[in-house]
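Just so you know, the sequence shown maps onto residues 2 to 260 in this note's numbering.
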Amino acid sequence: MKKKLLFLGTGSSAGVPVIGCDCSVCTSDSPFNKRFRPSVLLQYGQENILVDPGPDFRDQALKYKIKHITGTIITHVHYDHIGGLDDLRIFYFIEKKPIHCMLSKASYDEVKLRYFYQFIEHKNHNSKTVKFEYMILPNERGDTDFHGINFKYMTYYQGDMPVLGLRMGNLAYITDIRQYPESIFEDLDGIETLVVSGLRHSSSPVHFSLDEALAFTEKTRAKKVYFNHIDHELDHEITNKSLPDWAKLSYDGQEIEFD
Ligand SMILES: [Zn+2]
Ligand SMILES: [Zn+2]
Numbered sequence: 002m003k004k005k006l007l008f009l010g011t012g013s014s015a016g017v018p019v020i021g022c023d024c025s026v027c028t029s030d031s032p033f034n035k036r037f038r039p040s041v042l043l044q045y046g047q048e049n050i051l052v053d054p055g056p057d058f059r060d061q062a063l064k065y066k067i068k069h070i071t072g073t074i075i076t077h078v079h080y081d082h083i084g085g086l087d088d089l090r091i092f093y094f095i096e097k098k099p100i101h102c103m104l105s106k107a108s109y110d111e112v113k114l115r116y117f118y119q120f121i122e123h124k125n126h127n128s129k130t131v132k133f134e135y136m137i138l139p140n141e142r143g144d145t146d147f148h149g150i151n152f153k154y155m156t157y158y159q160g161d162m163p164v165l166g167l168r169m170g171n172l173a174y175i176t177d178i179r180q181y182p183e184s185i186f187e188d189l190d191g192i193e194t195l196v197v198s199g200l201r202h203s204s205s206p207v208h209f210s211l212d213e214a215l216a217f218t219e220k221t222r223a224k225k226v227y228f229n230h231i232d233h234e235l236d237h238e239i240t241n242k243s244l245p246d247w248a249k250l251s252y253d254g255q256e257i258e259f260d
């Protein structure tokens, strides 16, 4: 079975272009400089696992003609990663099955606060607004099966917020990272391809800069890295020319295969 990762969005939390910004990247005509908020679709044959239903999900689903979602995984609960959760309800209307959502206990608690109405039974029509079935991960680090697909997961912290990293076979998806436990290199041992956030050249307290993301990649010994969660400081073409062959900025709509 062919396994593919489709980048639905490669931008940082504000997306690119940024509202109100006249910089050369935000005003660029290049489609490579248009970045939706960060999200990927893992495609296993007909099965689609959505990692992070971000605020651009509706536009992404229309643009990439997504007609089916097998389940969704939430890495963490910042708005740029869960702002589109409610838009998944359309798949409940189409498929008439609850939407399965895998996430940490901390993320679940926060989803319950922010999307409280999903959890309320309405007396007058005896149904919830959105039908989700949440699968809470039991540990900070481990292996799990989600719709017959094996995921290795690990936790690191963005400030106080726990973030899930994911490994699917020889591919890992590590977004919103700057601080991490050393055990992450055990979890990522043997991966071929890494997707990791590389926000910009200048440093950030909560994200890797490109240099930090490159150094992290070298420690994992991945053969190829795609940076995501990119802000408007980085022009796609100019930046990619400056990077080594094995490291590139990803772009919206890009597909990569994995095993
Ligand atoms: Zn983010
Ligand atoms: Zn800009």
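Backbone N, C-alpha and C fix where the C-beta goes; we use that ideal spot for every residue, glycine too.
query	result
Where glutamine 159 sits in the DSSP three-state scheme	strand
C-beta atoms of proline 163 and histidine 77 nearer than 8 Å	yes
Histidine 267: CB within 7 Å of a non-hydrogen atom of ligand 2	Because the chain in this structure spans residues 2 to 260, residue 267 falls outside the shown range and cannot be described.
At least three beta-carbon pairs within less than 8 Å, the segment 106 to 113 to the segment 31 to 42	no
The segment 206 to 217 / the segment 176 to 192 touching (three or more Cβ pairs under 8 Å)	yes
Presumed contact (8 Å Cβ cut-off) between tyrosine 154 and threonine 145, rounded CB distance	6 Å
Touch test, the segment 187 to 196 against the segment 221 to 231, Cβ-Cβ under 8 Å, three pairs minimum	yes
Shell residues, 5 Å Cβ cut-off relative to heavy atoms of ligand 2	Val19, Cys22, Cys24, Cys27, His233
Straight-line gap, aspartate 60 to isoleucine 20 (C-alpha atoms, nearest Å)	17 Å
Aspartate 206 Cβ short of 7 Å to ligand 1 heavy atom set	A small correction: the amino acid at residue 206 is proline; aspartate does not occupy that position in the sequence shown. Answer for proline 206: no, Cβ out of range of ligand 1.
Buried or exposed (CB count within 10 angstroms, at least 16 for buried), threonine 28	exposed
Candidates Ile150, Gly170, Pro99, Gly16, of which the one nearest phenylalanine 33 by Cα	Gly16
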